[in-house]
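Here is the structure we will look at, set down as structure tokens.
In my numbering, the protein residues as written are 1 to 405.
What follows is the structure in structure tokens.
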């Protein structure tokens with residue numbers, strides 16, 4: 001009989017994640033079936049206090065950011081600074097498989113929850129520690145959000161326009177990428193444990209993850225000693241390659257031609273087959289050397305059409321092109337809806353909302369978990385009474401003493 005369980009059912013994760021990177025990683029694990037218990041404290045509410053809020057009304061359970069990165073998890077609120085609270089967390093870790101955290105370097109050790117401490121609780125524990133620059137090395141004590149990570153990684157230095165300054169890529173770009181790398185590492189550690197019975201310590205550096213996104217720059221420097229120039233939306237080998245204005249306000253299309261056959265097809269679509277015989281554009285190298293003239297000609301065609309109309313004409317001819325989608329476009333897109341990537345999730349305080357799912361589909365498996373993000377402290381009783389076996393009156397006493405919030 002086929003096993004229809006999600007792949008990580010039976011795996012328990014204790015999540016100390018802050019900001020976005022580790023919360024993203026643990027949400028991916030939860031959606032694959034792991035029981036992820038988010039450890040929270042009223043002394044540090046994290047992104048429960050970050051906007052946007054549903055209907056712009058503030059509330060600990062109404063943060064759009066929190067609800068986006070903590071879906072399918074459980075919430076357990078405990079004061080880690082108390083002896084009793086710390087002991088409860090140690091008991092919970094003792095019956096768990098993975099611990100994930102991205103506190104500043106040294107924080108877990110000061111709490112008595114470093115990797116060496118956890119090995120005494122469970123010898124085969126897997127611990128994920130993520131930080132901007134890693135837990136070892138001369139800069140391991142440095143802290144940083146996405147802007148510092150992008151600058152340290154070198155990715156900002158090669159992003160931007162000629163003669164311009166380094167660009168910080170939008171939103172929290174490094175966090176989901178680092179989070180996905182962390183998922184790979186945790187899955188690898190779980191697989192190794194299933195074969196050897198041994199746990200692992202995973203030291204994940206966000207900066208190093210970002211460096212994997214710029215292999216061309218590193219290769220050119222190591223081979224030729226060249227620092228890459230910022231080229232805006234252009235490409236060193238593809239032309240035309242850029243973002244072109246279309247009919248309408250804030251209407252754009254990206255076009256990228258990577259072969260002569262695509263170039264021939266583009267020229268036919270725009271009604272100028274003679275461009276293929278123009279010495280400035282007849283070969284790939286020539287096109288890269290005359291990109292300004294080429295962009296001006298192509299812009300004359302795109303300005304007369306909507307992004308979607310231009311995209312369909314080009315894509316039907318085999319030319320890579322894509323319109324610039326707004327957030328509304330994405331959430332209403334029938335392609336994403338049909339694939340199940342956009343899901344409706346009901347939240348008891350924030351209401352019914354659309355959420356992004358996981359960027360893959362696995363055959364012969366049930367749909368991924370899409371429970372709403374937990375209310376703060378929603379699963380305190382479950383953790384204390386069902387998982388740890390405390391009698392209800394003991395749980396009530398811990399609440400009265402401020403150990404459990």
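For every residue, glycine included, the Cβ atom is placed at its ideal position computed from N, Cα and C.
Small disclaimer: the values here were computed from a predicted structure and weren't measured.
Segment limits, beta strand (DSSP E) that includes residue i
i           : result
residue 252 : 252-256
residue 363 : Neither: residue 363 is in no beta strand (DSSP E) and is coded neither H nor E.
residue 147 : That residue, residue 147, is in no beta strand (DSSP E); its alpha helix (DSSP H) goes 146-153.
residue 314 : No beta strand (DSSP E) contains residue 314, which is instead part of the alpha helix (DSSP H) from 307-316.
residue 323 : 321-323
residue 346 : 342-347
residue 30  : Unbroken run through residue 30 is the alpha helix (DSSP H), 21-31; no beta strand (DSSP E).
residue 286 : Per DSSP, residue 286 belongs to no beta strand (DSSP E); it is in the alpha helix (DSSP H), 284-289.
residue 143 : Taken as a continuous stretch (DSSP letters only), residue 143 belongs to no beta strand (DSSP E), as it is neither H nor E.
residue 76  : 74-77
residue 129 : 126-131
residue 112 : Note, residue 112: premise wrong, no beta strand (DSSP E); not H, not E.
residue 38  : 35-40
residue 64  : That residue, residue 64, is in no beta strand (DSSP E); its alpha helix (DSSP H) goes 64-69.
residue 100 : 98-101
residue 356 : 351-356
Residues of its chain near residue i, where Cβ-Cβ distance is below 8 Å and the 5 sequence neighbours each way are ignored
i           : result
residue 387 : 92 and 95
residue 237 : 258, 284 and 288
residue 140 : 105, 131, 133 and 134
residue 192 : 198 and 200
residue 331 : 342 and 354
Proximal residues to residue i (C-beta, below 7 Å), its chain only, five neighbours per side dropped
i           : result
residue 409 : As displayed, the chain neither begins before 1 nor continues past 405, which places residue 409 out of reach and without an answer.
residue 392 : 385
residue 86  : 80, 111 and 112
Element boundaries [alpha helix (DSSP H), containing residue i]
i           : result
residue 91  : 83-94
residue 399 : 392-400
residue 328 : 327-332
residue 9   : Careful: residue 9 lies outside any alpha helix (DSSP H) and carries neither H nor E.
residue 265 : 260-269
residue 120 : 115-121
Residue i and residue j closer than 7 Å at C-beta
i           : j           : result
residue 182 : residue 25  : yes
residue 209 : residue 178 : yes
residue 323 : residue 218 : no
residue 127 : residue 118 : yes
residue 160 : residue 230 : yes
residue 125 : residue 199 : yes
residue 377 : residue 335 : no
residue 317 : residue 239 : no
residue 173 : residue 101 : no
residue 358 : residue 31  : yes
residue 150 : residue 157 : no
residue 20  : residue 220 : no
residue 69  : residue 123 : no
residue 362 : residue 354 : no
residue 27  : residue 71  : yes
residue 201 : residue 115 : yes
residue 207 : residue 152 : yes
residue 314 : residue 269 : yes
residue 403 : residue 82  : yes
Residue i: CB within 6 Å of a non-hydrogen atom of the ligand FMN
i           : result
residue 127 : You won't find the ligand FMN in this model; it holds no ligand whatsoever.
Contacts around residue i, its chain only, beta-carbon distance under 6 Å, and the 5 residues preceding and following it disregarded
i           : result
residue 205 : 133 and 134
residue 375 : 61
residue 410 : With the chain running from 1 to 405 in the structure shown, residue 410 is simply not present.
Worksheet item: Can at least three beta-carbon pairs, one atom from the stretch 9-24 and one from the stretch 361-372, be found at a separation below 8 Å?
Response: no
Practice prompt. Decide yes or no for the touch test of the stretch 155-173 against the stretch 83-95: beta carbon pairs closer than 8 Å, at least 3 of them.
Written response: no
Practice prompt. Pair every Cβ in the stretch 30-47 with every Cβ in the stretch 68-80, then say whether three or more of these pairs are closer than 8 Å.
Written response: yes
Practice prompt. List in chain order: all unbroken beta strand (DSSP E) runs of 3+ residues lying wholly within the stretch 194-246.
Written response: 200-205 and 241-245
Fill in: Touch test, the stretch 294-306 against the stretch 238-255, Cβ-Cβ under 8 Å, three pairs minimum
yes
Worksheet item: Do three or more CB pairs link the stretch 45-52 to the stretch 333-351 at distances below 8 Å?
Response: no
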